[in-house]
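Note sheet for the following structure.
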Amino acid sequence: MNKITFPHMGDYYIPINYLLENITKSIVIVPPPITKKTIELGSKYSPDYVCMPFKYNLGNFIEALENGANVILQAGGGCRYGYYAELQEQILKDLGYKFEFVNFIENNHVSIFNIYNYAKSLNKKLNIISFSYYALNTAIMIIIMDKLSKYPRENLGFEKEKNSFLNTKRQFQEELKMKKHTPLSLVRLFLKYKRKYKSLPINKPKNCLKIGLVGELYSIMEPNSSNNIELKLASLGIEVHRFTTLTYLLFQKKHRLKKLLKKGKKYLKYHLGADATESVVLSMELAEKHYDGIVHIKSFGCTPELNAMSILEKISTDYEIPIIYFSFDSGTSDVGIETRIEAFYDMILQKKKD
Amino acid sequence: MKQITIGLPKAYLYYRYHIMWETFFKNLGCKVITSENTTKKTIELGKSLSIDESCLSSKIYLSHVASLQGKCDYILVPRVYDYGKNEQVCVKFNAIYDIIKNLFPNINILEYNIEKSKHHYELFNYFHLGHAIEKNIIKILLSYLKARKASKKYFKEKLKKQTQKLNSYKPKILLVSHPYNIYDNYIGEPIIKKLESMGIELIYADLLDKKTARMYAEKLSPTLYWTYSKELIGAIGYYRYSVDGIIFLTAFPCGPDSLVNELMIRKIDNIPVTSILVDEQSSTTGLETRLESFIDIIKERRKNNE
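For the protein sequence lines, the chains are A and B, in the order given. Just remember that this note's numbering sits 159 ahead of the position in the first sequence, which is counted from 1. Numbering-wise, this note's numbering puts 229 at position 231 of the second sequence, and it's gapless, one number per residue.
Right under this line is the structure:
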């Protein structure tokens, strides 16, 4: 019997789980939530100076294999991520696990045909139409999740009732997990929770602090890998904006790239690789829109974002906008992050008053 | 007319293309100058110019560019995106042009952009390069052809010498490292000198014919898509039964190498393998001890096999 598992990335395990369960009709084992133990396991067996997502993925896989999984799915691409699969398979084999490793990456990009062919080999009843139907539902799920996460990010710091936003989010995710979905029911679910969020009482001043969160995709989308920095910023009473979501990466990135380069002509001539172009151009736009500050996060050693950082420094001086850089590795402590965030908060607050 | 001076920073792709560039520009009547060898001072300057976490090789590159500032009319900064489908390079090469441009706004950069998937081929680039200097297209084309021939001949001869080395009775070690690390005065030179003084015959992975290397690489790692890494590990497949040991040499924290080398170390089981990581603070004594003990292992194994 096939028991499929896949690496975590934020809350996106819900749509991925939904898709896999429906198209393969096999058991899907979601890895246990990321904890300190996950990263310890991952770091122990990874090369020293590889970037953090590799270690988190490996930790996820080991924990899932311990829970009985025997098929591992891996997908990704753009930078080093495209090559993770081969080494992870080798490491896990050397550790003595028995499993099948399925890699959906082709030419450094996720290939949808590979996914279909693989699902077909497990589930003979699958055809193009049912596959497209489930894929469509999954896409809608991802889109509504991203749309619904925008409002809490901007208002969480100003809630009157404590934890009202987080509780609503939890309810939403429970409902997303429980039901059988059709595109229409998903849209209804979206509208219901949109209204619910809007009805939560908040106490928001008109000229509150506004910051943009840019950087490497995994750190941004997986809160555990970045010490929950987004939540920490928001709960200080800052309106947090971020633009890297799965919706963007899957459906929008391809069309936007050329436009981005055109916009960022002042600093860029060529595409910088992975998401670095976005980091630079977005920061420029945020600066032009007079945001109060920019938070740039990445995992240690992420080369594309390092490329972006050397240009961000120039933007920071040109537009006089404060930028703070965070680089996460397995040893990053909560306390250190909090101190730096608070100092940054004080600084932008002071700047705003002047 | 005043003679135009072109500066070539002696780092990164210099080691791959220098014969070609030098011949090309000399044929067009330019003066070509190269930056000085890397020293401790170069590293210090590079550190101050770049972000802490950047790889040592990129720090060296920035420093070399800085040292050429003011000494020449143009500096050649190559930018590479890909060599076709499944033939990509480290993202550092994608961004190096923009980094330099933002860091040194005052220098004149000669552009050179290889992006085969978007039809930026090598020949077009040379027309582009030549255009800044010479208006006669035929002259540019002839210079390009001459340069290509010279470069091919240079690497062929080197490979020929290396093939002869394989017949030597001395212990042979394969050095797997990017050319910009192994031939660098600071990173690779001390290691080469030490090994040669111990009577080791050195085989360089990067000298192997590129096509052959890529073919062998596919067997060792089917999903690998970095061209430069492919060419290196292809040499492992080619030479692994004719050498006594393999040394991986990387600069901290090289992105592609962090994955590729680890995979190779796990896959090669017929000969001793070691990996050497060079960073800004590396000490020579520690390095020498490690090399000596590695050579001891190899010599011992040879004795036992005889």
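Backbone N, C-alpha and C fix where the C-beta goes; we use that ideal spot for every residue, glycine too.
Name the two residues that bound the continuous alpha helix (DSSP H) containing residue i.
i              : result
P463 (chain A) : T462 to Y478
H126 (chain B) : E120 to H129
K422 (chain A) : K412 to K422
I483 (chain A) : No alpha helix (DSSP H) holds I483 (chain A); the beta strand (DSSP E) holding it covers I482 to F487.
L285 (chain B) : T282 to N303
H16 (chain B)  : Y12 to N25
G201 (chain A) : K195 to Y204
G495 (chain A) : D493 to K512
T327 (chain A) : S323 to M337
T297 (chain A) : I287 to N314
L140 (chain B) : I135 to K163
L408 (chain A) : Run containing L408 (chain A): none; DSSP gives neither H nor E here.
Assign residue i to one of two classes, buried (16 or more other C-beta atoms within 10 Å of its C-beta) or exposed (fewer than that).
i              : result
L261 (chain B) : buried
L140 (chain B) : exposed
P360 (chain A) : exposed
I287 (chain A) : exposed
Q330 (chain A) : exposed
V346 (chain A) : exposed
K363 (chain A) : exposed
A234 (chain A) : buried
T194 (chain A) : exposed
So, with DSSP's three-state summary, where would you put residue i?
i              : result
G371 (chain A) : strand
I4 (chain B)   : strand
Y72 (chain B)  : strand
I563 (chain A) : No answer is possible for residue 563 (chain A): it lies beyond the span of chain A, which begins at 160 and ends at 513.
R238 (chain B) : coil
F220 (chain A) : helix
V258 (chain B) : helix
F260 (chain A) : strand
Y79 (chain B)  : strand
K57 (chain B)  : helix
V346 (chain A) : helix
V276 (chain B) : strand
K284 (chain A) : coil
Between residue i and chain B, is any beta-carbon pair separated by less than 9 Å?
i              : result
R239 (chain A) : yes
Y256 (chain A) : no
E447 (chain A) : no
V209 (chain A) : yes
H430 (chain A) : yes
L408 (chain A) : no
D305 (chain A) : no
I250 (chain A) : yes
M443 (chain A) : no
D513 (chain A) : no
Measuring CA to CA, which of the options is closest to residue i?
i              : options                           : result
L224 (chain A) : A:C210, A:G201, A:G396 and A:F258 : A:F258
D242 (chain B) : B:Y81, B:M18 and B:L164           : B:L164
Y256 (chain A) : A:N226, A:V187 and A:V439         : A:N226
I370 (chain A) : A:V189, A:Y242 and A:I483         : A:I483
N92 (chain B)  : A:T491, A:T436 and A:I453         : A:T436
T248 (chain B) : B:Y178, B:K29 and B:F292          : B:Y178
N35 (chain B)  : B:N123, B:I296 and B:V63          : B:V63
D513 (chain A) : A:G237, A:N362, A:L325 and A:D451 : A:D451
K116 (chain B) : B:L143, B:I94, B:Y95 and B:D80    : B:D80
G169 (chain A) : A:T403, A:E447 and A:Y293         : A:T403
Y240 (chain A) : A:G460, A:I480, A:L508 and A:I198 : A:G460
L172 (chain B) : B:K209, B:N123 and B:L230         : B:L230
V261 (chain A) : A:N273, A:D477 and A:L372         : A:N273
N326 (chain A) : A:L348, A:A502 and A:K355         : A:K355
S385 (chain A) : A:G374, A:L395 and A:S394         : A:G374
Flag residue i as yes if its beta-carbon sits less than 9 Å from any beta-carbon of chain A, otherwise no.
i              : result
P270 (chain B) : no
P254 (chain B) : yes
C53 (chain B)  : yes
L101 (chain B) : yes
E194 (chain B) : no
C88 (chain B)  : yes
E308 (chain B) : Nothing about residue 308 (chain B) can be read from this structure; chain B reaches only from -1 to 304.
Y79 (chain B)  : yes
F246 (chain B) : no
S219 (chain B) : yes
Could you give the first and the last residue of the continuous beta strand (DSSP E) run that contains residue i?
i              : result
L206 (chain B) : Counting along the chain, L206 (chain B) falls outside any beta strand (DSSP E), and DSSP gives it neither H nor E.
A249 (chain B) : G243 to A249
V440 (chain A) : Not the beta strand (DSSP E): V440 (chain A) falls in the alpha helix (DSSP H), residues A435 to E447.
N111 (chain B) : I107 to E113
R401 (chain A) : I397 to R401
G452 (chain A) : G452 to S458
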